[in-house]
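Chemist: Be aware that the sequence shown starts at 2, since it is given in the numbering used here, and climbs by one per residue.
For each residue, glycine too, the CB sits at the ideal point set by N, CA and C.
These figures come from a predicted structure and were not determined experimentally.
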Amino acid sequence: MLPVLLIKNLLSRIAMNTKRRRLLRIASVAAMVGLASVGFLYSQIEKPQPVTQLEIAVARMPLGITAEDADRVIGSSPDAVEDGRAILVNPVMMFSGSSVQGQKYGDPNLYSFRTWTRGDVHASVAIDTDGKVAARWTYRDQPN
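This is the structure we're talking about:
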């Protein structure tokens, strides 16, 4: 009877060790796949871009200055000037005049949009009907 118990005990330990090894292998593979996934995702995160002089100039531009003063702050006359209707939400957010979403903020007004381009950075300044800066913002071209 004793040898049978010893053999059963030995077999159960071997079986338990096999289960543990299998679980350890599965856990190791899962950990490696997880680490590889995290590494891949980290490599895909967009690297921060240096701030350009154009972005700095627009950020420092006070609201309410004239269009000519805005040109002086930027350092040149705009590359493009276009008139259009828009709904001003705040100094850095506007909706197109025909935007349904923007209509909950008010009626569209006429603005003159002055745009500068320096490489992949664009700056836009919205001038209201009084000739004053009502809004300003910058944006970058999206990489392919």
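Tell me which same chain residues have a C-beta within less than 7 Å of the C-beta of residue 136, skipping the five on either side of it?
Modeler: Result list for residue 136: 89, 92, 93, 95 and 127, in chain order.
Chemist: Please report how far the alpha carbon of residue 74 lies from the alpha carbon of residue 119, in whole angstroms.
Modeler: Distance between the alpha carbons of residue 74 and residue 119 is about 15 Å.
Chemist: Have a look at 19, 143, 130 and 20 and flag the residue whose alpha-carbon is nearest the alpha-carbon of residue 86.
Modeler: It is 130 whose Cα lies nearest to the Cα of residue 86.
Chemist: Checking the sheet assignment: what are the DSSP bridge partners for residue 93?
Modeler: Looking at the DSSP assignment, residue 93 forms no beta bridge with any residue, so it has no partner.
Chemist: Which residues does DSSP list as the beta-bridge partners of residue 82?
Modeler: DSSP output for residue 82 lists 115 as bridge partner(s).
Chemist: Would residue 70 and residue 78 qualify as a contact pair, given that the criterion is a beta-carbon distance under 7 Å?
Modeler: Not a contact, by the Cβ cut-off of 7 Å.
Chemist: Leaving out five residues on either side along the sequence, give the residues of the same chain with a beta carbon under 6 Å from the beta carbon of residue 58.
Modeler: Here the set comprises 74 and 75.
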